[in-house]
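Colleague: With mature numbering (1 follows the signal peptide of the UniProt record, and there is no 0) as the guide, the letters of the sequence shown map in order to residues -22 to -1, 1 to 106.
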Amino acid sequence: MKAIIANFMIVGLMLSSSFSFGQQTGLLPMPPVFSTKIEREIVLKDYPLGVITKQAAFSHHGKPVHVATLPNGLEGWTYEVGEGFGLHTYTLEFDKRGVVIDVLYNENGRHDGLTALQVQRQQKKTRK
């Protein structure tokens, strides 16, 4: 009888720990997809800065086209969207802890050089 109770307790602990792990991993917000079908301003406005790790970014966006050291010394992962003249890029900028702190957008057009920090700061100003 004691063995049965012990087994139930072990199963209960396993279920509760796996449930709490699911809750913990569920707290990470899902970043928007890089696509030609989604407006760049929406992607930059909605990208959760300061919470997405390298592992989460890799899982969500896949392998980057380029990995480089940015001029500020931080690591950047570049993803390409579109092709030809319509090609544009999103570069994830990681801090020293490996967390996305900005997303840089580049294209051959008027939105070249737009960043998530810039768009999100502008959005906060318009709310006030």
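By construction, the Cβ of each residue, glycine as well, lies at the ideal position given by its N, Cα and C atoms.
Report back the beta-carbon spacing between residue 43 and residue 56 to the nearest angstrom; my notes put them in contact at under 8 Å.
Modeller: Their Cβ separation, rounded to whole angstroms, is 5 Å, which keeps residue 43 and residue 56 in contact under 8 Å.
Colleague: Below 6 Å CB to CB, which residues in the same chain sit around residue 69 once its five sequence neighbours on both sides are set aside?
Modeller: For residue 69, where only same-chain residues beyond five positions count, the Cβ hits under 6 Å are 54, 56 and 82.
Colleague: Using the DSSP secondary-structure output, state which residues sit across from residue 46 in a beta bridge.
Modeller: BP columns for residue 46 point to 54.
Colleague: Under the assumption that residue 59 contacts residue 14 (Cβ atoms under 8 Å), give the Cβ distance between them as a whole number of angstroms.
Modeller: That belief holds up - the Cβ atoms of residue 59 and residue 14 are roughly 6 Å apart, short of 8 Å.
Colleague: Flag this pair as yes or no: are the beta carbons of residue 95 and residue 80 separated by less than 8 Å?
Modeller: In contact: residue 95 and residue 80 (Cβ atoms closer than 8 Å).
Colleague: Hey, residue 97 and residue 19: beta-carbon distance below 8 Å or not?
Modeller: Yes, these two residues count as a Cβ contact at 8 Å.
Colleague: Which whole-angstrom value is the C-beta distance of residue 34 and residue 6, which I expect to be below 8 Å?
Modeller: The Cβ separation is near 6 Å, so the contact holds.
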